[in-house]
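Participant: Note that the protein sequences, when read in sequence, are chains A and B.
When we follow my numbering, the leftmost residue of the first sequence carries the number 1, and every step to the right adds one.
When we follow my numbering, the leftmost residue of the second sequence carries the number 314, and every step to the right adds one.
Where a beta carbon is used, it is the ideal one built from N, C-alpha and C, also for glycine.
Just so it is clear, the structure is predicted and the values come from calculations on it, not from any experiment.
Quick one: structure below, then a few questions.
Number of protein chains: 2
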Amino acid sequence: MRENIDVLVHEMGLRDGLQSIDTIFTTEGKMAWIKREAEAGVPQIQVGSFVPPKLLPQMADSAEIVRKSLAIEGLTVSALAPNLKGAQNAMTAGAHQIGIVMSVSEAHNFSNVRRSVQDSLDDFSLIVEYRNAHAEYKDVCISGGMATAFGCTISGPVPLGEVMRVAEGLLERGADRLSVADTVGYANPGQVKELFDELYRTVGHDVGIGAHFHDTRGLGLANAFAALEAGVCELDASLAGLGGCPYAPGASGNIVTEDLVFMLESMGLRTGIDLDGLLEAREIMEAQLKGEPVHGTFAKTGLPLGFQYAPAA
Amino acid sequence: MRENIDVLVHEMGLRDGLQSIDTIFTTEGKMAWIKREAEAGVPQIQVGSFVPPKLLPQMADSAEIVRKSLAIEGLTVSALAPNLKGAQNAMTAGAHQIGIVMSVSEAHNFSNVRRSVQDSLDDFSLIVEYRNAHAEYKDVCISGGMATAFGCTISGPVPLGEVMRVAEGLLERGADRLSVADTVGYANPGQVKELFDELYRTVGHDVGIGAHFHDTRGLGLANAFAALEAGVCELDASLAGLGGCPYAPGASGNIVTEDLVFMLESMGLRTGIDLDGLLEAREIMEAQLKGEPVHGTFAKTGLPLGFQYAPAA
């Protein structure tokens, strides 16, 4: 964790947001958004996904976006990769952090990638081994992502024990950190607290753990607060809640970056992020949409009278 | 608290919602809404406000609404009253609970009612004395409401000590319970936990304490969860988030009843409320609007696969 912040906000809009909408942003349009958001102080941005362009044409310029983003001083550039090939491409492009995601739910994992969770864990090993075999990639952070950790649209509730099993599996195979995702917007704050309490008991407090929430049913920020209460200090979010949920038409995407930052700073937790700058980044993003809905309340209401950013430690 | 529920959800839409919008519902329209929502299991509904009709024509039929609502078996009928005259009218009509609200912020209280907080506390005494002097009203619950407890649009931050002072003042004057309100949508969950922790330390755990949140900046349900964590088990909410905030155009009103109930039941906390019934009540309400916005995400997304209501204790 950087020294001058208490909670790391990881912007997802360029990946989780753009992959869920029809509009394809130009490379220049993406870079204008990334630059303004980084300038506002967002420390880490997931700028793309190394999937086949025919599956997600929105992500076709991910290598170029990663390379260009590396020029932004201080920004941690992350990318998603679905497999070894994608991870290799992400490393070649120079991504600082690569998220490799598998579903904790067998049914969901099989539906997504036609692999068992065990097979996906084995695939994960290949990626870590590849990274370890190449000295030039030794600083690349491999993040082990656990999708559907709070529930699954195919099999419903996901047992806590399964989440722990995958978490331990990822760490045994060399994951540098873990990311726990409520992929389909099923989590509630009681469950969030229980899961992260159990996860810290299982893997210890030295492992970096991030949380990824969707606001599908309006509980996103309550879940984020519950995660903070359990000790999580890395949170994914999407500017204007860009994105959506294929399982819930009309629902928003990830929790809203600017609402989250407002919550954190109000609570005295330093993010390093300037809210006015974030709203400017939002305008840059929004101007490129072709009718897709945006979300969030902070952009409508602004700061309360007497608001102060979290003071320096 | 009723025996078969863990958290009491108090519907505010008929009062805090309707008083904030232009559309004036007919008495029949209000009753259709109230009946369906009570049938869905909502245990308590604030059905009106005993203010002068020329100030709030939406509330002109409050006495009739109270009387008609009393016929609904099992429903606790609450009403708001700004002063002794209003409280007398609410008692005459038969309200089970009467909310008397003053602002913790001197500036806000003066702006609203041209009275100091001390004067408002003295007015509160008159209401309790009136209730106590009339045997037929001995069962009427007088709720002491503290507006702007989390911040004020005129004076900004409100010191915790002021909130405690007003809380103690209300209890000394005979309040049967307390209601703590984020009237203007300034609260954050860290602050909520701190305030309720301190309040329980100050007044003890035997006092009934409710929380009233607005979702102005998207933190409403996070604040509700924080209140639950501190031990609060009575929460105000508004169906579809009906209402708004005069200080924040475009913002939603109270936290959304159906989103809150979904959160509580998901967490294993019994509300006694059926979510399908709540959505039907929402439709009855929504059909009477003339373009006012509605809020909330649960109505768009429905239940997660495998959802179960909180089990009986």
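Using CA coordinates, which residue listed in A/Ala175, A/Cys152, A/Asp123 is at the minimum distance from A/Asp139?
Facilitator: Locating residue 139 of chain A in the first sequence gives position 139, where the first residue counts as 1. Looking at the Cα atoms, A/Ala175 is the closest of the given residues.
Participant: DSSP on A/Asn254, reduced to helix/strand/coil?
Facilitator: The residue given as residue 254 of chain A occupies position 254 in the first sequence. If DSSP states are grouped into helix, strand and coil, A/Asn254 belongs with the strands.
Participant: Is there at least one Cβ from chain A nearer than 9 Å to B/Val569's Cβ?
Facilitator: The residue labelled residue 569 of chain B in the question sits at position 256 within the second sequence. Yes, contact with chain A.
Participant: Taking 8 Å as the cut-off, does the CB of A/Asn89 come closer than this to any heavy atom belonging to the ligand MG?
Facilitator: Looking at this structure, you won't find the ligand MG or any other ligand, since it has none at all.
Participant: Report the residue from A/Pro53, A/Gly220, A/Met31 whose alpha carbon sits nearest the alpha carbon of A/Ile45.
Facilitator: As a working note, residue 45 of chain A is residue 45 in the first sequence. Ranking A/Pro53, A/Gly220, A/Met31 by Cα distance to A/Ile45 puts A/Met31 first.
Participant: Is it the case that the segment 163-183 of chain A contacts the segment 106-124 of chain A, given that we only count it when at least three CB pairs across the two stretches are under 8 Å?
Facilitator: Output reads yes: the segment 163-183 of chain A touches the segment 106-124 of chain A.
Participant: Would you mind sorting A/Gly314 into buried or exposed? The rule is 16 or more other CB atoms within 10 Å of its CB.
Facilitator: A query on residue 314 of chain A cannot be resolved here, the shown segment of chain A reaching from 1 to 313 and no further.
Participant: Using the Cβ count rule (16 or more neighbours within 10 Å means buried), how would you classify B/Arg506?
Facilitator: Position 193 of the second sequence holds residue 506 of chain B. The sequence shown places Lys at residue 506 of chain B, rather than the Arg named in the question. That one is buried.
Participant: Starting from A/Asn188, find everything on chain B with Cβ-Cβ shorter than 7 Å and list it in chain order.
Facilitator: Within the first sequence, the letter at position 188 stands for residue 188 of chain A. Met576, Ser579, Met580, listed in chain order.
Participant: Using a threshold of 9 Å, state whether the C-beta atoms of A/Asp197 and A/Ala230 are closer than that.
Facilitator: Mapped onto the first sequence, residue 197 of chain A falls at position 197. Mapped onto the first sequence, residue 230 of chain A falls at position 230. Yes; because the gap between Cβ atoms is below 9 Å, this pair is in contact.
Participant: With distances taken from CA atoms, which of A/Val77, A/Tyr309, A/Pro159 is nearest A/Thr271?
Facilitator: Taking the first residue of the first sequence as 1, we reach residue 271 of chain A at position 271. The residue with the shortest Cα to Cα distance from A/Thr271 is A/Tyr309.
Participant: Who pairs with B/Cys465 in a beta bridge, going by DSSP?
Facilitator: Working through the second sequence from its first residue, we reach residue 465 of chain B at position 152. In DSSP, B/Cys465 forms a bridge with B/Gly469.
Participant: Among the residues of its own chain, which have a CB less than 8 Å from the CB of A/Leu278, if the five just before and after it don't count?
Facilitator: Here residue 278 of chain A is taken as the residue at index 278 of the first sequence, counted from 1. Here the set comprises Glu37, Ala40, Val42, Leu239, Thr257, Glu258, Val261.
Participant: Name the chain B residues that come within less than 8 Å of A/Thr297, Cβ to Cβ?
Facilitator: Mapped onto the first sequence, residue 297 of chain A falls at position 297. In chain order: Asp528, Thr529, Arg530, Gly531, Ala564, Ser565.
Participant: Run the CB neighbour count on A/Gly306, radius 10 Å, all protein chains shown included, and call it buried at 16 or more, exposed below.
Facilitator: Here residue 306 of chain A corresponds to residue number 306 of the first sequence, with the count starting at 1. Under this definition A/Gly306 is an exposed residue.
Participant: Taking DSSP as the reference, what is the three-state secondary structure of A/Glu73?
Facilitator: By one-based count along the first sequence, residue 73 of chain A stands at place 73. In the structure shown, A/Glu73 sits in coil (DSSP, three-state: anything other than H, G, I, E or B).
Participant: If we count the other Cβ atoms within 10 Å of its Cβ and call it buried at 16 or more, is A/His134 buried or exposed?
Facilitator: The residue given as residue 134 of chain A occupies position 134 in the first sequence. With fewer than 16 Cβ atoms within 10 Å of its Cβ, A/His134 is classed as exposed.
Participant: Fully enclosed by the segment 485-524 of chain B, which alpha helix (DSSP H) runs are 4 residues long or longer?
Facilitator: Listed in chain order, they are 502-516.
Participant: Does A/Asp16 pass the burial test, meaning 16 or more other C-beta atoms within 10 Å, or should it be called exposed?
Facilitator: Residue numbering aside, residue 16 of chain A sits at position 16 when the first sequence is read from its first letter. Counting Cβ neighbours within 10 Å, A/Asp16 comes out buried, since at least 16 surround it.
Participant: Going along chain A, which residues have a C-beta under 8 Å from B/Gly464?
Facilitator: Translated into positions along the second sequence, residue 464 of chain B becomes position 151. Ordered by position in chain A, the residues that pass the 8 Å Cβ test against B/Gly464 are Pro304, Leu305, Gly306.
Participant: Note down, in chain order, every chain A residue with its Cβ under 7 Å from the Cβ of B/Ala539.
Facilitator: The residue you call residue 539 of chain B lines up with position 226 of the second sequence. By Cβ distance, chain A contributes Phe225.
Participant: Shorter than 9 Å from the beta carbon of B/Val497 to some beta carbon of chain A?
Facilitator: Position 184 of the second sequence, counted from the first residue, corresponds to residue 497 of chain B. It does: the Cβ of B/Val497 has a partner Cβ on chain A nearer than 9 Å.
Participant: In chain B, what lies closer than 8 Å to A/Thr148 by C-beta?
Facilitator: Taking the first sequence and counting its residues from 1, the one referred to as residue 148 of chain A is at position 148. Going along chain B, no residue has its Cβ under 8 Å from A/Thr148, so there is no contact; the nearest lies around 11 Å.
Participant: Suppose you measure from the CA of A/Glu73 to the CA of A/Lys35; what does that come to, to the nearest Å?
Facilitator: Position 73 of the first sequence, counted from the first residue, corresponds to residue 73 of chain A. Position 35 of the first sequence, counted from the first residue, corresponds to residue 35 of chain A. Those two C-alpha atoms are separated by around 10 Å.
Participant: Look up B/Ala626 in the DSSP assignment and say whether it is helix, strand or coil.
Facilitator: By 1-based counting over the second sequence, the position of residue 626 of chain B is 313. In the structure shown, B/Ala626 sits in coil (DSSP, three-state: anything other than H, G, I, E or B).
Participant: Using the C-alpha atoms, what's the distance from B/Thr610 back to B/Ala600?
Facilitator: Position 287 of the second sequence holds residue 600 of chain B. Position 297 of the second sequence holds residue 610 of chain B. If you take the alpha carbons of B/Ala600 and B/Thr610, they lie about 18 Å apart.
Participant: In three-state DSSP terms, what is B/Gln621?
Facilitator: Working through the second sequence from its first residue, we reach residue 621 of chain B at position 308. In the structure shown, B/Gln621 sits in coil (DSSP, three-state: anything other than H, G, I, E or B).
Participant: What do you get for A/Gly48, buried or exposed, if any count of 16 or more other CB atoms within 10 angstroms of its CB means buried?
Facilitator: Reading the first sequence from its first residue, position 48 is the one you call residue 48 of chain A. By the 10 Å Cβ count, A/Gly48 comes out buried.
Participant: Within the continuous alpha helix (DSSP H) that includes B/Ala540, where are the two ends?
Facilitator: Translated into positions along the second sequence, residue 540 of chain B becomes position 227. Its alpha helix (DSSP H) spans residues 533-543.
Participant: Would you check if the distance between the CB atom of A/Asn188 and the CB atom of B/Met576 is smaller than 9 Å?
Facilitator: Translated into the one-based positions of the first sequence, residue 188 of chain A becomes position 188. Translated into the one-based positions of the second sequence, residue 576 of chain B becomes position 263. Cβ atoms of A/Asn188 and B/Met576: closer than 9 Å.
Participant: Name, please, each residue of chain A whose Cβ falls closer than 7 Å to the Cβ of B/Gly469.
Facilitator: In the second sequence, the residue the question calls residue 469 of chain B occupies position 156. Within 7 Å Cβ-Cβ: Leu305, Gly306.
Participant: What residue ranges within the segment 325-398 of chain B form continuous beta strand (DSSP E) runs of no fewer than 3 residues, ordered along the chain?
Facilitator: You should have 357-362, 389-394.
Participant: For B/Ala406 and B/Glu578, what's the separation of their Cα atoms in angstroms?
Facilitator: Start at 1 with the first residue of the second sequence, and residue 406 of chain B comes out as number 93. Start at 1 with the first residue of the second sequence, and residue 578 of chain B comes out as number 265. Rounded to whole angstroms, B/Ala406 to B/Glu578 spans 34 Å at the Cα level.
Participant: For chain B, find out if any of its Cβ atoms is closer than 9 Å to the Cβ of A/Leu221; answer yes or no.
Facilitator: For the purposes of this step, residue 221 of chain A is identified with residue 221 of the first sequence, where counting begins at 1. Yes, because at least one Cβ of chain B sits closer than 9 Å to the Cβ of A/Leu221.
Participant: Among all the DSSP beta bridges, which residues are the ones paired with A/Glu234?
Facilitator: As a working mapping, residue 234 of chain A is identified with position 234 in the first sequence. The partner list for A/Glu234 (beta bridge, DSSP) reads A/Leu8.
Participant: Is it the case that the segment 417-425 of chain B contacts the segment 462-476 of chain B, given that we only count it when at least three CB pairs across the two stretches are under 8 Å?
Facilitator: Yes, the segment 462-476 of chain B touches the segment 417-425 of chain B.
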